[in-house]
Every structure is written in C-alpha cells, then in structure tokens.
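In what follows, a structure is listed as structure tokens, so that the remarks can point back to it.
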Amino acid sequence: MLKAINLGVINFSYSDGAHQTTGNVAGILEKKYEILTNFVQAHEDEIAKLLTTAMENVVKEHIQTGKVNKSSFNTAFSKIGNEMKRFLSTQEVEKMGIAGVPTKAASDGVSHRFKRKRKGVARGKTRYRARRPSFIDTGQMESSYIVWGDFK
Numbered sequence: 001m002l003k004a005i006n007l008g009v010i011n012f013s014y015s016d017g018a019h020q021t022t023g024n025v026a027g028i029l030e031k032k033y034e035i036l037t038n039f040v041q042a043h044e045d046e047i048a049k050l051l052t053t054a055m056e057n058v059v060k061e062h063i064q065t066g067k068v069n070k071s072s073f074n075t076a077f078s079k080i081g082n083e084m085k086r087f088l089s090t091q092e093v094e095k096m097g098i099a100g101v102p103t104k105a106a107s108d109g110v111s112h113r114f115k116r117k118r119k120g121v122a123r124g125k126t127r128y129r130a131r132r133p134s135f136i137d138t139g140q141m142e143s144s145y146i147v148w149g150d151f152k
C-alpha cells in the first residue's frame, strides 16, 4: 500500500537565465530554512486525517470491488499540496520562529516578477514595493509544489 508520502517541487528552469531550477532553489531553501519540514510539523494532524480518509476509501473500494485503487489518494495529495502553497501565501511560515524569516527581500518588497526588482530606486532615494510573503518571489516555486506517494 502507501509506503511513503513525498513533498517536493516539479523541477523546471527559471526564465531569468541564471541556470537555476525550482529543484535547486527548493533544495537550498529546505537546507537553510526547512520550509517543508516546518510545514509537516505544523500540519501533521491535518495530513494524518487526509491520509486516513484516503486509506478508508481505498479499503471500502477494495471490499466492494476486490481491487485496490491508488488514485483514491490523489484527493489527499492535492489538498496537502494546496495547504503547502497556502502555508507560504498566508505567511504562516513566517510565524514558525525560523531564523531569518521573514526574509529581508520579502520585507523590502523585492520582486523579480517585474522588470525592475525595486521600483523607485533613483537619485539616492530608495522606495520599496509593498512587503510580500517570504519565499514567493516570481511565483514559480510556489506553483511547482507537489505531493505524491510511493506505493509497494
């Protein structure tokens, strides 16, 4: 049955030409801030409930049809993935007591979604954009989060 649940990212290149991928960046952020580790710790009960419900559905279907349908876990995986994204976008990660979070770039409103990462930098006056959530810069990382399972 379900051997392991995996939290990660779909690996693709950033378009800024820096030769970074979402996988590289996720590895760096996990090593430095343990974002996914903290997510699991904060949402352990919710994750357990979702997986329990999925397992119950698999057992019910097995009793009724004699077959095991692993796709019953897809709903749980999808909900966990959405919760991971919400963990970042609602700034819940910033309330976990992680050293260096919120990040300086987020506090300064630095964003690479725009041509000029800081709007209004001119003639010695520095104006920053509105503060953004930590770890959501271009949005590519956030949108690439995914959850999947290993089955035996």
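Quick note on UniProt numbering: the sequence shown kicks off at 1 and runs consecutively.
C-beta atoms are modelled at their ideal positions from N, C-alpha and C, and glycine is treated no differently.
Remember, it's a predicted structure, so these values are computed and weren't measured experimentally.
Counting the other Cβ atoms within 10 Å of the Cβ of Ile10 gives fewer than 16, which makes it exposed. Counting the other Cβ atoms within 10 Å of the Cβ of Arg113 gives fewer than 16, which makes it exposed.
For the pair Gly149 and Phe73, the CB atoms are nearer than the 8 Å cut-off. Rounded to the nearest whole angstrom, the C-alpha separation of Ala105 and Thr138 is 12 Å. With distances taken between CA atoms, Asp108 lies nearest to Ile136 out of Phe39, Ile136, Asn38 and Asp16. Between Met96 and Tyr145, the C-beta gap is not smaller than 8 Å, which leaves the two residues out of contact. In the displayed model, Gly149 falls within a strand according to three-state DSSP.
If you look at Gly8, you'll find it in the beta strand (DSSP E) that goes Leu2 to Val9.
Per the coordinates, the alpha-carbon of Asp16 lies some 22 Å from the alpha-carbon of Glu30.
For Ile47, the enclosing alpha helix (DSSP H) covers residues Glu44 to Thr65.
Here Ser134 carries a coil assignment [DSSP, helix/strand/coil]. Annotated three-state conformation of Ser72 is helix, per DSSP. Approximately 23 Å separates the beta-carbon atoms of Tyr14 and Gln91; this is outside 8 Å, ruling out the contact.
In the three-state DSSP reduction, Thr103 falls in the coil class, being neither helix nor strand.
In terms of CA proximity to Phe87, Gln41 leads the group Ala130, Ala76 and Gln41.
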